[in-house]
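Chains as they are written, first to last, in this note's numbering: chain S, 4 to 129; chain F, 4 to 129.
There are 2 protein chains.
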Amino acid sequence: MIQLDFNKMGGLLPAIVQDHETGEVLMLAFMNEEAWRHTLKSGKATFYSRTRNSLWIKGDTSGNVQLVKEIRVDCDNDTVLLKVAQVGGAACHTGHRSCFYQKITETGAVEIIGKPVFDPKEVYKE
Amino acid sequence: MIQLDFNKMGGLLPAIVQDHETGEVLMLAFMNEEAWRHTLKSGKATFYSRTRNSLWIKGDTSGNVQLVKEIRVDCDNDTVLLKVAQVGGAACHTGHRSCFYQKITETGAVEIIGKPVFDPKEVYKE
Numbered sequence: 004m005i006q007l008d009f010n011k012m013g014g015l016l017p018a019i020v021q022d023h024e025t026g027e028v029l030m031l032a033f034m035n036e037e038a039w040r041h042t043l044k045s046g047k048a049t050f051y052s053r054t055r056n057s058l059w060i061k062g063d064t065s066g067n068v069q070l071v072k073e074i075r076v077d078c079d080n081d082t083v084l085l086k087v088a089q090v091g092g093a094a095c096h097t098g099h100r101s102c103f104y105q106k107i108t109e110t111g112a113v114e115i116i117g118k119p120v121f122d123p124k125e126v127y128k129e
Numbered sequence: 004m005i006q007l008d009f010n011k012m013g014g015l016l017p018a019i020v021q022d023h024e025t026g027e028v029l030m031l032a033f034m035n036e037e038a039w040r041h042t043l044k045s046g047k048a049t050f051y052s053r054t055r056n057s058l059w060i061k062g063d064t065s066g067n068v069q070l071v072k073e074i075r076v077d078c079d080n081d082t083v084l085l086k087v088a089q090v091g092g093a094a095c096h097t098g099h100r101s102c103f104y105q106k107i108t109e110t111g112a113v114e115i116i117g118k119p120v121f122d123p124k125e126v127y128k129e
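Here's what the structure looks like:
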């Protein structure tokens with residue numbers, strides 16, 4: 004069993020989430036050891052929420068869970084890459100498919116890529 | 004000009020590096036504000052080395068620089084995604100194309116994906 008290095012960031016490490024079919028990078032979040040174990044056991048991408056200070060099963064509120072198809076770990080065991088099937092078609096709480104919808108143009112301006120695929124107000128009942 | 008949030012991690016934020024053509028995730032590193040500005044100005048992926056405590060122009064030693072083709076920023080401005088052309092064909096100091104060459108199998112074992120494309124001893128003159 005691989006031993007991940009949670010020490011560099013005080014118990015956390017970054018986890019990149021990528022669409023397993025298209026290769027699109029959907030989001031980045033952090034895992035503690037509990038989140039890592041829960042991901043392995045459940046097959047659902049699970050993180051540690053730094054703002055809520057609690058385990059965060061992605062999609063628990065919205066229904067947009069991420070089914071883990073493949074797990075990769077980097078050369079020094081301090082970063083995880085999850086290849087997932089994104090239920091609901093969008094990973095971002097804004098309704099965008101990917102959280103990385105802001106493109107920086109050559110002048111340094113921000114260009115929004117794509118449109119939300121769901122209405123956050125509807126999904127999260129704000 | 005976008006304002007990135009360097010505060011959540013004490014002056015750093017994670018930067019994901021992806022091959023701009025294949026979509027393969029090559030590595031993850033951290034940027035401070037100086038690294039971010041250097042990346043924008045030079046067009047070469049530049050990070051902050053947590054082990055050396057200094058600016059790290061990726062490929063400065065090995066020659067395997069990363070030419071930035073596109074920059075994306077996530078929904079809360081605390082993570083960067085660089086789409087790059089990887090000079091020399093490999094991002095990892097081990098000689099592997101991607102740092103994420105360890106696949107976790109269903110039993111929890113590690114399977115090495117692919118072979119190094121260069122010999123680290125040759126490139127880094129160890």
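Note that beta-carbon positions come from the ideal geometry of N, C-alpha and C, so glycine has one too.
Collapsed DSSP secondary structure at residue i in the structure displayed
i                : result
GLU24 (chain F)  : coil
PRO123 (chain F) : helix
TYR204 (chain F) : Not covered by the structure: residue 204 (chain F). The range shown for chain F is 4 to 129.
ILE19 (chain F)  : strand
PHE33 (chain S)  : strand
LEU58 (chain S)  : strand
Minimum Cβ-Cβ distance from residue i to chain F less than 8 Å
i                : result
GLY17 (chain S)  : What sits at residue 17 (chain S) in the sequence shown is Pro, not Gly. Cβ-Cβ to chain F under 8 Å: yes for PRO17 (chain S).
LEU7 (chain S)   : no
GLY117 (chain S) : no
LEU58 (chain S)  : no
PHE50 (chain S)  : no
GLU125 (chain S) : no
PHE103 (chain S) : yes
LYS11 (chain S)  : yes
GLY31 (chain S)  : Checking the sequence, you will find Leu at residue 31 (chain S) rather than Gly. Yes, LEU31 (chain S) counts as interfacial toward chain F.
Test: residue i CB closer than 8 Å to a CB of chain S
i                : result
LEU43 (chain F)  : yes
GLN69 (chain F)  : no
GLY26 (chain F)  : yes
GLY111 (chain F) : yes
GLN21 (chain F)  : yes
Span of the beta strand (DSSP E) around residue i
i                : result
GLU114 (chain F) : 113 to 115
PHE50 (chain S)  : 49 to 52
Continuous alpha helix (DSSP H) stretch holding residue i: start and end
i               : result
LYS44 (chain F) : 36 to 45
Contact set between residue i and chain C, taken where Cβ atoms lie within less than 7 Å
i               : result
THR64 (chain S) : Any reference to chain C falls outside this structure, whose protein chains are S and F.
Contact the region 90 to 103 of chain S vs the region 59 to 70 of chain F: 3+ CB pairs below 8 Å: No contact exists between the region 90 to 103 of chain S and the region 59 to 70 of chain F.
Within the region 60 to 101 of chain F, ranges of the beta strand (DSSP E) (whole runs, at least 3 residues): Counting only runs of 3 or more, we get 69 to 76 and 83 to 89.
The region 117 to 129 of chain F in contact with the region 47 to 61 of chain F per 3-pair CB rule at 8 Å: no
Inter-stretch contact at 8 Å, needing at least 3 Cβ pairs: the region 9 to 16 of chain F / the region 69 to 84 of chain F: yes
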